[in-house]
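*Asks:* As numbered in UniProt numbering, residues 1 to 240 make up the sequence shown, in order.
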Amino acid sequence: MEYSGHYTFFPFISEWPCNAILTKNNGEFATPNWPNNYPANTDCRWIIKGPIHAYITLRFTKIELENHGLGLCNNRLDSIHVYDGETTDSERIATLCGSRVPATYASTSNVLLIVFKSDERVELSGFHATYRFIFPAIRTTASPFQKEKITENPPVSSNNVPYTTTFVPSGLPDTLLTSQQNMSRSKSISTTSAATTPPVSSEKSLTAAYGEPTKFPLYAESEKFVSQVIQTTRHVMDIN
Numbered sequence: 001m002e003y004s005g006h007y008t009f010f011p012f013i014s015e016w017p018c019n020a021i022l023t024k025n026n027g028e029f030a031t032p033n034w035p036n037n038y039p040a041n042t043d044c045r046w047i048i049k050g051p052i053h054a055y056i057t058l059r060f061t062k063i064e065l066e067n068h069g070l071g072l073c074n075n076r077l078d079s080i081h082v083y084d085g086e087t088t089d090s091e092r093i094a095t096l097c098g099s100r101v102p103a104t105y106a107s108t109s110n111v112l113l114i115v116f117k118s119d120e121r122v123e124l125s126g127f128h129a130t131y132r133f134i135f136p137a138i139r140t141t142a143s144p145f146q147k148e149k150i151t152e153n154p155p156v157s158s159n160n161v162p163y164t165t166t167f168v169p170s171g172l173p174d175t176l177l178t179s180q181q182n183m184s185r186s187k188s189i190s191t192t193s194a195a196t197t198p199p200v201s202s203e204k205s206l207t208a209a210y211g212e213p214t215k216f217p218l219y220a221e222s223e224k225f226v227s228q229v230i231q232t233t234r235h236v237m238d239i240n
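Shown next as structure tokens:
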């Protein structure tokens, strides 16, 4: 008798490593001989170790172990132990047995340890699990005191005298200078100049020499408001 048709052959993985250190970004591991029965008196350990800033998620896709009864798992029968660290001294976050597939586990560091032990009485298919590294987004926060340039091309007055380019902390008004800063600047800059001081109105507004009004914010009477317009002629004008 002859047969015709298409046949598909599935590869069988006869050996899963019993002790391994897993360092790829994602992967899988299983008990020896999976999906066939694991040997008696098995003691396997898998260390999942990622980069220093990574976290690990662990998911069991299939579990078929000896049932301990009463829904409790103990160390005397076949069981899986998951540790949140590299050794058994780390916090144990799970002890698994029977056939119930748990939820996904997540580490608090870049290392997980999985230990599987079996006794000499009952051998079943064991378990299969997958893992994946999680890389948190790296945040960079600019300093509130980072300096930024106010203007690339400073304006010039009617006398072709350019105003100096000023640098102030990012996020602060360019008209806001502390009294201490102004006093220290006033001491270091000569007040001798041939430039004409623009008129100042009662609203504390300043009309620049090139004709455009520049408004300054009003402050409470208890606060001393000082602003400066510094020209390359080294003239300092204070408005109190």
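All residues carry an ideal CB built from backbone N, CA and C; glycine is no exception.
Using 8 angstroms as the threshold, is the C-beta distance between CYS97 and LEU124 below it?
*Replies:* Not closer than 8 angstroms, so no.
*Asks:* Rounded to whole angstroms, what is the Cα-Cα separation between ILE93 and VAL115?
*Replies:* One C-alpha to the other measures close to 12 angstroms.
*Asks:* On the three-state DSSP scale, how would you describe GLY126?
*Replies:* Note: GLY126 maps to strand in three-state DSSP.
*Asks:* Is the CB-CB distance between PHE133 and ALA30 below 8 angstroms?
*Replies:* Their beta carbons are not under 8 angstroms apart, which means PHE133 does not touch ALA30 by this criterion.
*Asks:* Would you call the CB atoms of ARG100 and ILE63 closer than 8 angstroms?
*Replies:* It is a contact, given that the beta carbons lie within the stated cut-off.
*Asks:* Check whether the Cβ atoms of THR61 and ALA129 lie closer than 8 angstroms to each other.
*Replies:* Against a cut-off of 8 angstroms, the Cβ pair of ALA129 and THR61 comes out as a contact.
*Asks:* What are the boundary residues of the beta strand (DSSP E) that VAL111 is part of?
*Replies:* It spans 111-117 - the beta strand (DSSP E) in which VAL111 sits, taken as one unbroken run.
*Asks:* Under 8 angstroms by Cβ, that's how I've got ASN110 and ILE56 pegged, so tell me the actual separation to the nearest angstrom.
*Replies:* Indeed, because the Cβ distance is near 7 angstroms, the residues count as touching under 8 angstroms.
*Asks:* What number of angstroms, rounded off, separates the C-alpha of GLY27 from the C-alpha of ASN36?
*Replies:* Roughly 20 angstroms separates the two Cα atoms.
*Asks:* Give a yes or no on whether the C-beta atoms belonging to ASP89 and SER107 are separated by under 8 angstroms.
*Replies:* Contact: no.
*Asks:* Does DSSP classify ASN74 as helix, strand or coil?
*Replies:* In this structure, ASN74 counts as coil in the three-state DSSP scheme.
*Asks:* I'd like to check one pair, LEU58 with LEU112: are the Cβ atoms closer than 8 angstroms?
*Replies:* Against a cut-off of 8 angstroms, the Cβ pair of LEU58 and LEU112 comes out as a contact.
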